[in-house]
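Okay, so the sequence shown: first residue is 5 according to the working numbering, each after it adds one.
Where is the CB? At the ideal position from N, CA and C, for every residue including glycine.
If you're wondering where the values come from, they're calculated on a predicted model, not measured in any experiment.
Right, one structure below, let's go through it.
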Amino acid sequence: MHFLKYRTKEYRNLGEGSLLIKSSQLIFVTTTFNGIQNFVYQQLVTMNEVLNAIYKRRAVRKYTAEVVKETELEIILDAGRMAPSAMNKQGWMFHVANDPELIAVLSASILHDGKFAMLKEGLKEAIDSLLHPKGFSLKDAMNFFRGQDPIFHGAPLVIFLSCPKNNTWSALDLGMCAQNMMLAAYSIGLASCPIGLATFIEKTSHYEKLHVKKDHEIRLAIIFGHAAEEPILHERKKDNVVFIK
Ligand SMILES: Cc1cc2nc3c(=O)[nH]c(=O)nc-3n(C[C@H](O)[C@H](O)[C@H](O)COP(=O)(O)O)c2cc1C
Numbered sequence: 005m006h007f008l009k010y011r012t013k014e015y016r017n018l019g020e021g022s023l024l025i026k027s028s029q030l031i032f033v034t035t036t037f038n039g040i041q042n043f044v045y046q047q048l049v050t051m052n053e054v055l056n057a058i059y060k061r062r063a064v065r066k067y068t069a070e071v072v073k074e075t076e077l078e079i080i081l082d083a084g085r086m087a088p089s090a091m092n093k094q095g096w097m098f099h100v101a102n103d104p105e106l107i108a109v110l111s112a113s114i115l116h117d118g119k120f121a122m123l124k125e126g127l128k129e130a131i132d133s134l135l136h137p138k139g140f141s142l143k144d145a146m147n148f149f150r151g152q153d154p155i156f157h158g159a160p161l162v163i164f165l166s167c168p169k170n171n172t173w174s175a176l177d178l179g180m181c182a183q184n185m186m187l188a189a190y191s192i193g194l195a196s197c198p199i200g201l202a203t204f205i206e207k208t209s210h211y212e213k214l215h216v217k218k219d220h221e222i223r224l225a226i227i228f229g230h231a232a233e234e235p236i237l238h239e240r241k242k243d244n245v246v247f248i249k
């Protein structure tokens, strides 16, 4: 295990990972975090609640039946509303589904009505890698009808996010809003997963239930609930920084 110590008084760039920190405490730099060989500022991450949430949030695809309370839902929505938005447009809309039966119906419709559109748009590969590491097979489809849910993963809360169409910034705004919501959820003990496949809701007969504004479109959904699994951390690529000279 690689181990370094830094004593810092001010903002300082620690180099690897270009992390800016402000602390008068010892910062332990380690290469191991959840078994992944990576430089992660473990001590800082543990100490700092924001960093802790950023590092520990995972896409969770297995949930208990425990419902998300109204107060928790309000915290998640408010965190989304606190996101920055270009020209402060705050163009996002939240479409909330928290009835398990309705979620199951929406899920089945997306799987059924959306599959041709998914294939047509060349998303089969994406579906395979997102949902099933070994590919989406007939067995998976059978499992779905046996009660497993490959779209919303049995989560008790689904929030669809819509934003204005044909606007350069609105999808970026929505992404920031979504991440705020997932980090807020993590901070209050809830798990989440972004669901791009949920956009195929517009191919289904249930789309009107969402009351999406005429000039808006669904760009993402996020599922929330109590985790029934602890997904592993996927290693992050590190060869993605260019220093402009
Ligand atoms: C825009 C977007 C769409 C996604 N769509 C799906 C999806 O439809 N189904 C799913 O199970 N996961 C989906 N994911 C979750 C990613 O697969 C997951 O975030 C990624 O594998 C990294 O894992 P982590 O979030 O645990 O770090 C999506 C993530 C993003 C950002």
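Give a yes or no on whether the minimum CB-CB distance between residue i and chain C is below 7 Å.
{"i": "residue 208", "result": "Going by chain labels, chain C is absent from the structure shown, which holds only one protein chain."}
By how many angstroms is the C-alpha of residue j removed from the C-alpha of residue i?
{"i": "residue 214", "j": "residue 164", "result": "8 Å"}
{"i": "residue 231", "j": "residue 61", "result": "11 Å"}
{"i": "residue 29", "j": "residue 57", "result": "Note on residue 29: pLDDT 35, under 50, position unreliable in the model; the coordinate value appears next. For residue 29 and residue 57, the distance between alpha carbons rounds to 20 Å."}
{"i": "residue 175", "j": "residue 181", "result": "10 Å"}
{"i": "residue 198", "j": "residue 224", "result": "7 Å"}
{"i": "residue 68", "j": "residue 159", "result": "8 Å"}
{"i": "residue 245", "j": "residue 122", "result": "33 Å"}
{"i": "residue 54", "j": "residue 208", "result": "38 Å"}
{"i": "residue 168", "j": "residue 211", "result": "16 Å"}
{"i": "residue 93", "j": "residue 171", "result": "11 Å"}
{"i": "residue 100", "j": "residue 119", "result": "23 Å"}
{"i": "residue 222", "j": "residue 239", "result": "29 Å"}
{"i": "residue 177", "j": "residue 152", "result": "32 Å"}
{"i": "residue 90", "j": "residue 154", "result": "34 Å"}
{"i": "residue 216", "j": "residue 205", "result": "11 Å"}
{"i": "residue 202", "j": "residue 191", "result": "24 Å"}
{"i": "residue 113", "j": "residue 195", "result": "24 Å"}
{"i": "residue 59", "j": "residue 247", "result": "24 Å"}
Is residue i near ligand 3, in the sense that its beta carbon is under 6 Å from a heavy atom of that ligand?
{"i": "residue 167", "result": "This structure simply doesn't include ligand 3; it includes ligand 1 instead."}
May I ask you to check if the CB of residue i is nearer than 6 Å to at least one heavy atom of ligand 1?
{"i": "residue 110", "result": "no"}
{"i": "residue 188", "result": "no"}
{"i": "residue 220", "result": "no"}
{"i": "residue 58", "result": "no"}
{"i": "residue 240", "result": "no"}
{"i": "residue 198", "result": "yes"}
{"i": "residue 195", "result": "no"}
{"i": "residue 63", "result": "yes"}
{"i": "residue 201", "result": "yes"}
Can you name the residues that DSSP bridges to residue i?
{"i": "residue 67", "result": "231"}
{"i": "residue 97", "result": "166"}
{"i": "residue 197", "result": "227"}
{"i": "residue 222", "result": "166"}
{"i": "residue 161", "result": "228"}
Measuring CA to CA, which of the options is closest to residue i?
{"i": "residue 220", "options": "72, 74, 98 and 190", "result": "98"}
{"i": "residue 166", "options": "243, 195 and 218", "result": "218"}
{"i": "residue 2", "options": "156, 92 and 189", "result": "There is simply no residue 2 to check, as the chain begins at 5 and stops at 249 in what is shown."}
{"i": "residue 161", "options": "235, 184, 236 and 78", "result": "78"}
{"i": "residue 83", "options": "114, 187 and 109", "result": "187"}
{"i": "residue 237", "options": "48, 49, 51 and 63", "result": "63"}
{"i": "residue 81", "options": "185, 227 and 247", "result": "185"}
{"i": "residue 96", "options": "107, 179 and 117", "result": "179"}
Taking the continuous alpha helix (DSSP H) assigned at residue i, which residues delimit it?
{"i": "residue 237", "result": "Residue 237 -> no alpha helix (DSSP H), and no H or E assigned at all."}
{"i": "residue 191", "result": "174 to 191"}
{"i": "residue 85", "result": "74 to 85"}
{"i": "residue 60", "result": "53 to 60"}
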